[in-house]
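Q: Protein sequences, first through last, are from chains A and B. Add 394 to a position in the first sequence, counting from 1, and you land on the number used in this note's numbering. Add 394 to a position in the second sequence, counting from 1, and you land on the number used in this note's numbering. For glycine and all other residues, C-beta sits at the position ideal for the given N, C-alpha and C. Predicted model, so just to flag it, every value in this text is computed and none were measured.
There are 2 protein chains.
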Amino acid sequence: MAGIFRKTHQDAHSLARCGVISLGHGEVESPAFMPVGTNGTVKGIYHDTVQDIGYNLILGNTYHLYLRPGIEVLKRFGGLHAFSNWKHNILTDSGGFQVFSLSQFRKISEEGVVFQSHIDGSRHHLTPEKVVDIQQVIGSDILMCLDVCTPPDITYRKAREALEITHAWARRSHDHWSSLEGFDGKLFGIVQGNFYKDLRKESALAISGMDFPGIAIGGLSVGETPEMFSEYLAYTTEFIPAEKPRYVMGIGSPDYILDAVANGIDLFDCVLATRAARNGSVFTDDGMIQMKKAVHEFDQGPLSEGCTCTACTSYSRAYVRHLFKAQEMLGGMLATEHNLTYLYRLMQDVRQAIREDRFGEFKRSYLARYYGT
Amino acid sequence: MAGIFRKTHQDAHSLARCGVISLGHGEVESPAFMPVGTNGTVKGIYHDTVQDIGYNLILGNTYHLYLRPGIEVLKRFGGLHAFSNWKHNILTDSGGFQVFSLSQFRKISEEGVVFQSHIDGSRHHLTPEKVVDIQQVIGSDILMCLDVCTPPDITYRKAREALEITHAWARRSHDHWSSLEGFDGKLFGIVQGNFYKDLRKESALAISGMDFPGIAIGGLSVGETPEMFSEYLAYTTEFIPAEKPRYVMGIGSPDYILDAVANGIDLFDCVLATRAARNGSVFTDDGMIQMKKAVHEFDQGPLSEGCTCTACTSYSRAYVRHLFKAQEMLGGMLATEHNLTYLYRLMQDVRQAIREDRFGEFKRSYLARYYGT
């Protein structure tokens with residue numbers, strides 16, 4: 395199988411790299427941040443605006459879409475692209491993380507997982523094969539294997555058990571996906587192993603050996619310190635082949651993104667940009683600022699100097715603050731567009747810095763201002 | 395003083411009329427519906443989209459804007475146009491209605507009204523003169539006199555008392571407004587009189603005699619039956635001079651709008667279009683439909699056949715239903731754009747029917763379908 399990742403430049407002084415990922419709905423320049431569209435919509439923003447910012451790969455949540463609108467609706471519409479009128483690429487997670495974080499009840503066996511819907515309490519049974527089938531109905535351009543997610547503080551024995559099930563499920567997912575006909579979606583394996591280095595290494599090698607088109611690193615950014623995140627990310631990535639696209643799940647703040655890029659990661663996603671936006675927090679070069687604060691009451695300046703979004707080109711900080719104080723929807727709408735525009739622009743700058751072999755310098759100077767040091 | 399209203403066509407068979415209202419930020423074709431932007435934003439939609447639909451006159455609420463962002467912020471920005479980046483006309487109400495419907499406490503005297511903010515309980519004193527001054531700071535193209543709003547079930551004596559204060563305040567508002575220099579906003583008087591015909595007549599004649607650029611009819615659409623609304627609207631309008639623009643406050647459903655137009659009304663506003671939208675109710679030629687209903691689950695059709703809004707041109711009823719079921723912001727955003735587009739288009743059709751002397755026929759055939767009869 396031909397690879398879907400083509401490296402276009404390797405930074406001379408770090409593991410950071412530029413590349414192109416070829417998917418069913420077009421090529422994606424990497425490193426790339428993916429906005430999260432849980433229910434087939436990125437919260438608070440039109441799909442056309444997401445596209446106009448420049449994004450051509452967004453994420454959907456299999457767990458949510460499976461429960462609502464449900465597989466029958468998605469089948470009738472020929473998949474999520476047509477249903478949600480999104481013309482570019484979609485990555486879907488496996489639902490594993492949501493089964494563990496959202497459902498009221500779950501029981502894992504070698505066979506699969508039984509869980510209760512957080513919406514109506516209905517009981518559902520998912521197997522690795524069924525999760526691949528659901529993502530085929532969704533029409534995902536990148537799909538993920540069902541895995542067992544574990545919190546950061548479990549014992550070695552429990553972490554190993556989870557790992558073994560994750561690997562068995564990865565094999566079954568891959569076998570089932572390989573047998574599908576007429577489906578262009580690319581299946582990524584997920585490395586787990588909690589915060590045990592030998593398990594991380596074992597998992598990275600096992601998943602890397604299964605001929606997936608891409609590899610995801612799961613189980614990070616789950617509450618550990620930034621130092622642990624950084625250490626385990628670097629350690630795990632060592633054992634993942636450079637010719638495949640690498641994806642770290644659940645990171646989306648500039649500092650974590652830059653850390654991931656420095657370790658040769660190509661893809662990341664997070665709800666932070668959109669969730670924080672709805673709460674009034676916006677990205678700036680000087681760190682995140684909270685728009686509800688009184689300091690912005692008379693401020694005629696833009697959210698972030700030089701930003702090209704609607705908020706920054708048409709409105710003042712004072713107006714955006716007023717919208718949040720008055721709990722107006724437009725506040726969340728403007729801040730969402732801003733945060734997604736900001737991150738897109740950051741990734742453009744990151745790719746440019748890599749191409750010019752100055753990523754390390756870019757990262758240092760960006761973070762010095764971001765942290766105010 | 396030259397009038398701001400120019401009649402361009404009188405329907406041959408009814409009181410319905412087309413006209414042009416000349417205001418500080420451009421000419422408005424009437425009859426016209428005005429979207430409500432309580433806090434300096436029409437809820438759930440970008441100003442650019444409101445403008446692109448075709449609207450060039452929106453409403454702001456003086457009570458809300460006075461409390462938040464407050465007069466000092468609006469002064470610093472040179473008014474609401476600049477603060478909210480809305481380039482067309484703004485009508486502001488006087489805050490009278492909100493003082494009576496929202497504030498936790500109020501006390502009316504001949505001098506003015508004392509009330510407690512619904513936001514923080516702070517106490518404020520408004521006089522007719524101060525309300526004009528606030529609207530000058532806002533930079534309103536049409537401003538309204540402070541009036542005393544009464545519920546539909548009060549005694550004749552109370553209705554007369556309220557009326558007399560309303561008239562005294564109207565005279566003081568007019569005197570104060572006339573003395574302002576360098577301000578282009580047009581002050582409208584408000585007819586009250588509750589549901590007593592002699593008071594309605596008295597009020598219409600008194601307010602019409604005060605040389606306001608336009609006349610509003612208040613105290614209707616406050617819970618009375620459609621028949622009473624219709625009867626009192628027709629009766630009141632008789633006594634308002636035809637050369638001034640006439641505005642009925644607080645109506646926004648197609649049937650009430652058509653009734654008002656038939657009585658020679660030129661302007662109306664209501665939160666219905668935008669509030670109902672956020673709750674999943676959308677206008678169609680067959681009446682309002684509730685998008686959360688199961689009947690739409692697999693419906694591939696648009697919200698309303700022939701509508702040019704984003705929802706109708708890019709999405710299915712099934713997708714919009716899904717957004718509302720999943721409580722996604724985009725549902726309210728799309729439905730808001732739809733409802734405002736629908737009403738704008740309806741008013742275009744109304745004006746065309748008037749110009750062709752077939753408004754009565756248009757109204758009958760529209761309502762037959764709207765009511766499903």
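Excluding the 5 residues preceding and the 5 following L485 (chain B) in the sequence, name in chain order all residues of the same chain whose CB lies nearer than 7 Å to its CB.
A: Taken in chain order, the residues that qualify are M428, L451, L453, S534, D535 and I536.
Q: Checking 8 Å against the spacing of the C-beta atoms, do G420 (chain B) and N479 (chain B) come in under that value?
A: For G420 (chain B) and N479 (chain B), no; Cβs fall outside 8 Å.
Q: Cα separation between G766 (chain A) and S708 (chain A)?
A: The straight-line gap from Cα to Cα measures roughly 27 Å.
Q: Measuring CA to CA, which of B:T402, B:G579, B:A396 and B:C706 is closest to I748 (chain B)?
A: When each option's Cα is compared against that of I748 (chain B), the closest is B:T402.
Q: From the beta carbon of P463 (chain A), is the nearest beta carbon of chain B less than 8 Å away?
A: It does; some Cβ of chain B falls within 8 Å.
Q: With the cut-off set at 8 Å, would you say H732 (chain B) and R711 (chain B) are in Cβ contact?
A: Result no, Cβ atoms of H732 (chain B) and R711 (chain B) do not sit closer than 8 Å.
Q: If you draw a straight line from the C-alpha of M723 (chain B) to the C-alpha of H561 (chain B), how long is it?
A: Near 44 Å, if we compare the C-alpha coordinates of H561 (chain B) and M723 (chain B).
Q: Give the secondary structure of Q492 (chain B) by DSSP, where H, G and I count as helix, E and B as strand, and everything else as coil.
A: Note: Q492 (chain B) maps to helix in three-state DSSP.
Q: Using three-state DSSP, classify A610 (chain A) as helix, strand or coil.
A: In this structure, A610 (chain A) counts as strand in the three-state DSSP scheme.
Q: Quick one: grab the DSSP three-state call for C412 (chain B).
A: Correct three-state label for C412 (chain B): strand.
Q: Does chain B have any CB closer than 8 Å to the CB of M685 (chain A)?
A: Chain B contact via Cβ: absent.
Q: Are any of the Cβ atoms in chain A nearer than 8 Å to that of S708 (chain B)?
A: True, the Cβ-Cβ gap to chain A drops below 8 Å.
Q: Taking the beta strand (DSSP E) that V430 (chain B) falls in, what are its first and last residues?
A: Note, V430 (chain B): premise wrong, no beta strand (DSSP E); not H, not E.
Q: Hey, is N455 (chain B)'s beta-carbon within less than 8 Å of any beta-carbon in chain A?
A: With 8 Å as the cut-off, N455 (chain B) does not count as an interface residue toward chain A.
Q: Nearest to L627 (chain A) by CA position, among A:A598, A:P607, A:Y550 and A:E750, is which residue?
A: The residue with the shortest Cα to Cα distance from L627 (chain A) is A:A598.
Q: Could you pull the DSSP bridge partners for E423 (chain B) from this structure?
A: Answer is B:V414, bridged to E423 (chain B).
Q: Leaving out the 5 sequence neighbours to the left and right, which residues in its chain are closer than 7 Å to Y590 (chain B) when beta-carbon positions are compared?
A: So the qualifying residues of the chain are Y550 and A553.
Q: Taking C-beta to C-beta, are G587 (chain B) and L593 (chain B) nearer than 8 Å?
A: Against a cut-off of 8 Å, the Cβ pair of L593 (chain B) and G587 (chain B) comes out as a contact.
Q: Is the Cβ-Cβ distance between V493 (chain B) and K501 (chain B) less than 8 Å?
A: Not in contact: V493 (chain B) and K501 (chain B) (Cβ atoms no closer than 8 Å).
Q: Considering only C-alpha positions, which residue in the set B:S573, B:E555, B:Q530 and B:M604 is nearest to A564 (chain B)?
A: Looking at the Cα atoms, B:M604 is the closest of the given residues.
Q: In terms of residues, what are the limits of the beta strand (DSSP E) holding V436 (chain A)?
A: From DSSP, V436 (chain A) is part of no beta strand (DSSP E); its letter is neither H nor E.
Q: Smallest Cα separation from L661 (chain A): which of A:L697, A:L557 and A:M643?
A: Looking at the Cα atoms, A:M643 is the closest of the given residues.
Q: Name the DSSP bridge partner or partners of T486 (chain A)?
A: In the DSSP output, where bridge partners are listed per residue, T486 (chain A) has A:G454 and A:L537.
Q: Go through the segment 502–551 of chain B residue by residue and report every complete run of the beta strand (DSSP E) that reaches 3 residues or more, in order.
A: Runs of the beta strand (DSSP E) inside the segment 502–551 of chain B: 507–510, 517–520 and 536–538.
Q: R669 (chain A) CB to nearest chain B CB: under 8 Å?
A: R669 (chain A) does not count as touching chain B.
Q: For a contact defined as C-beta to C-beta under 8 Å, what are the partners of N657 (chain B) on chain A?
A: Under the 8 Å cutoff, chain A gives no residues; its nearest Cβ is about 34 Å from N657 (chain B).
Q: Anything in chain D within Cβ reach of K481 (chain B), meaning under 7 Å, just list it in chain order.
A: Absence of chain D from the displayed structure is noted, the protein chains being A and B.
Q: Within the 8 Å Cβ cut-off, does K719 (chain B) reach chain A?
A: Yes, its Cβ sits closer than 8 Å to a Cβ of chain A.
Q: At a CB distance below 9 Å, what residues from the segment 427–459 of chain A approach chain B? Give them in sequence order.
A: Those would be T432, N433, G434, T435, V436, K437, G438, I439, Y440, H441, D442 and H458, in chain order.
Q: Can you give me the start and stop residues for the alpha helix (DSSP H) that V444 (chain A) sits inside?
A: Element bounds for V444 (chain A): H441 to I447.
Q: Can you confirm whether S478 (chain B), when its beta carbon is compared against all beta carbons of chain A, has any partner nearer than 8 Å?
A: So yes, S478 (chain B) belongs to the interface.
Q: Quick one: which unbroken beta strand (DSSP E) runs of 3-plus residues sit fully inside the segment 585–672 of chain A? Chain order, please.
A: Listed in chain order, the complete beta strand (DSSP E) runs (minimum 3 residues) inside the segment 585–672 of chain A are 608–611, 640–642 and 661–663.
Q: Could you spell out where the alpha helix (DSSP H) holding F399 (chain A) opens and where it closes?
A: Looking at the DSSP string, F399 (chain A) is not in any alpha helix (DSSP H); the run it does join, the beta strand (DSSP E), is F399 to Q404.
Q: Does DSSP put S675 (chain B) in a helix, in a strand, or in coil?
A: S675 (chain B): strand per DSSP, three-state reduction.
Q: Within its chain, find whatever has a CB closer than 7 Å to the CB of K719 (chain B); leave out the 5 residues flanking it on each side and keep chain order.
A: So the qualifying residues of the chain are K686.
Q: Would you list, in chain order, the members of the segment 719–746 of chain B that have their beta-carbon closer than 8 Å to a beta-carbon of chain A?
A: Against chain A - using a Cβ distance shorter than 8 Å - the residues of the segment 719–746 of chain B are K719, A720, E722, M723, L724, G726 and M727.
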